[in-house]
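Same order as they appear, the protein sequences are chains A and B. Here numbering that gives the first Met the number 0 is used: the first residue of the first sequence is 0, the next is one more, and so on. Here numbering that gives the first Met the number 0 is used: the first residue of the second sequence is 0, the next is one more, and so on. Worksheet for the structure shown next.
There are 2 protein chains.
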Amino acid sequence: MQKKKAALERRSGCPLNASVEMLGDRWSLLILRDMMLRGYETFNEFLHSDEKIATNILADRLRRLESYGIVETEQDPSDGRKIIYTLTPKGIDLAPVLTEMVLWAARHEETGNQPLIRQMRTGKAELLDSVRERWDKLRRDRERLAGMRDEL
Amino acid sequence: MQKKKAALERRSGCPLNASVEMLGDRWSLLILRDMMLRGYETFNEFLHSDEKIATNILADRLRRLESYGIVETEQDPSDGRKIIYTLTPKGIDLAPVLTEMVLWAARHEETGNQPLIRQMRTGKAELLDSVRERWDKLRRDRERLAGMRDEL
Numbered sequence: 000m001q002k003k004k005a006a007l008e009r010r011s012g013c014p015l016n017a018s019v020e021m022l023g024d025r026w027s028l029l030i031l032r033d034m035m036l037r038g039y040e041t042f043n044e045f046l047h048s049d050e051k052i053a054t055n056i057l058a059d060r061l062r063r064l065e066s067y068g069i070v071e072t073e074q075d076p077s078d079g080r081k082i083i084y085t086l087t088p089k090g091i092d093l094a095p096v097l098t099e100m101v102l103w104a105a106r107h108e109e110t111g112n113q114p115l116i117r118q119m120r121t122g123k124a125e126l127l128d129s130v131r132e133r134w135d136k137l138r139r140d141r142e143r144l145a146g147m148r149d150e151l
Numbered sequence: 000m001q002k003k004k005a006a007l008e009r010r011s012g013c014p015l016n017a018s019v020e021m022l023g024d025r026w027s028l029l030i031l032r033d034m035m036l037r038g039y040e041t042f043n044e045f046l047h048s049d050e051k052i053a054t055n056i057l058a059d060r061l062r063r064l065e066s067y068g069i070v071e072t073e074q075d076p077s078d079g080r081k082i083i084y085t086l087t088p089k090g091i092d093l094a095p096v097l098t099e100m101v102l103w104a105a106r107h108e109e110t111g112n113q114p115l116i117r118q119m120r121t122g123k124a125e126l127l128d129s130v131r132e133r134w135d136k137l138r139r140d141r142e143r144l145a146g147m148r149d150e151l
């Protein structure tokens, strides 16, 4: 039901419009990059990424990504005051979008991170598979750990 | 040289950052969709698209897309006061980005345009090829016409 309501509130029914309404800003995809490729998971880690996002914008974007079901939060088991951010399966499914944006910029602009680009060019499918596998494993481990804690 | 200068002015050297600095807003990709998939080419056509972009924002986005070399303009040969917007090869190369964003939203959100989504799911490579072919042909025809006009 929530899905339908959101759709009705959009500017149009076009799927591309749905994507840009959720992700069309200068920061959200960079936060997802930090999670997906760099393994960042705390507010502080995102805050110190190269592009220097402002604290209030970061807080707003994380809240929005969570409300869209792209990111989820949990308390750090070793420090209850700390929040850990992880990608949901919906968030992991954005890997092909990020990959195509990286490849496009690498083709047409002067950019850094050439090793990643070479890996994406020569083995896009393998890279996407490994990102998905790593994240699926991470999720399973987390759920198992949470289950063990509940039993204690 | 212009390419290098732009890179130095960016927030980071990351290729994904280059992409979101150029395309990370709620409108640019929709304008490119209108050109790529719907064949729109005039200011007025973009203005009347479903999402109802405001005149000043549309003017700003078209100017930016042109400055990035994604879109180019020419005078309409049949009406010198009218400007025609077309995709450059760099703009056409965004087709995979648009496709992945459409597929992601179609998978996780309630959206319209199911026929396009089915076509993208079952024949992504063929669809991308046909978009590229159509646009390449359009560009060649335009250049030939411009050459003929210059000779007259």
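The beta-carbon is built from N, C-alpha and C at its ideal position, and this holds for glycine as well.
Point to revise | Test: A:M35 CB closer than 8 Å to a CB of chain B | key: no
Practice item. Answer with yes or no whether the minimum CB distance from A:W134 to chain B is below 8 Å. Key: no
**Study point:** Proximity to B:N96 [Cα-Cα], best of A:R60, A:E8, A:A145 and A:S18
**Key:** Before going further, note that residue 96 of chain B is Val rather than Asn in the sequence given. Nearest of A:R60, A:E8, A:A145 and A:S18 to B:V96, Cα basis: A:S18.
**Study point:** Environment of B:D33 [buried if 16+ CB atoms lie within 10 Å]
**Key:** buried
Review point. For A:E71, which three-state DSSP category applies?
Key: strand
Review point. Can you tell me whether DSSP reads A:D49 as helix, strand or coil?
Key: coil
Point to revise | Near-chain B residues of the segment 94-121 of chain A (beta-carbon distance less than 7 Å), N- to C-terminal order | key: P95, V96, L97, E99, M100, V101, W103, A104, A105, R106, H107, E108, E109, T110, G111, N112 and I116
Review point. Looking only at C-alpha atoms, which of B:P14, B:P88, B:S66 and B:G146 sits nearest to A:G111?
Key: B:P14
Review point. When DSSP labels each residue in this structure, what does A:R32 get in the three-state scheme?
Key: helix
Practice item. List the residues that DSSP assigns as beta-bridge partners of B:T85. Key: B:E71
Check your understanding: Where does B:G79 sit, in a helix, a strand or coil, going by DSSP?
Key -> strand
Check your understanding: Does any CB atom of chain B fall closer than 8 Å to the CB of A:P14?
Key -> yes
Check your understanding: Are A:I30 and A:L64 touching if we call contact CB-CB under 8 Å?
Key -> yes
Point to revise | Top-ranked residue by Cα proximity to B:R106, from A:V70, A:P88 and A:R120 | key: A:P88
Practice item. Go ahead and pull the three-state DSSP assignment for A:R9. Key: coil
Check your understanding: Just how far apart, CA to CA, sit B:R25 and A:R25?
Key -> 10 Å
Review point. Measuring CB to CB, does A:R10 end up less than 8 Å from B:E50?
Key: yes
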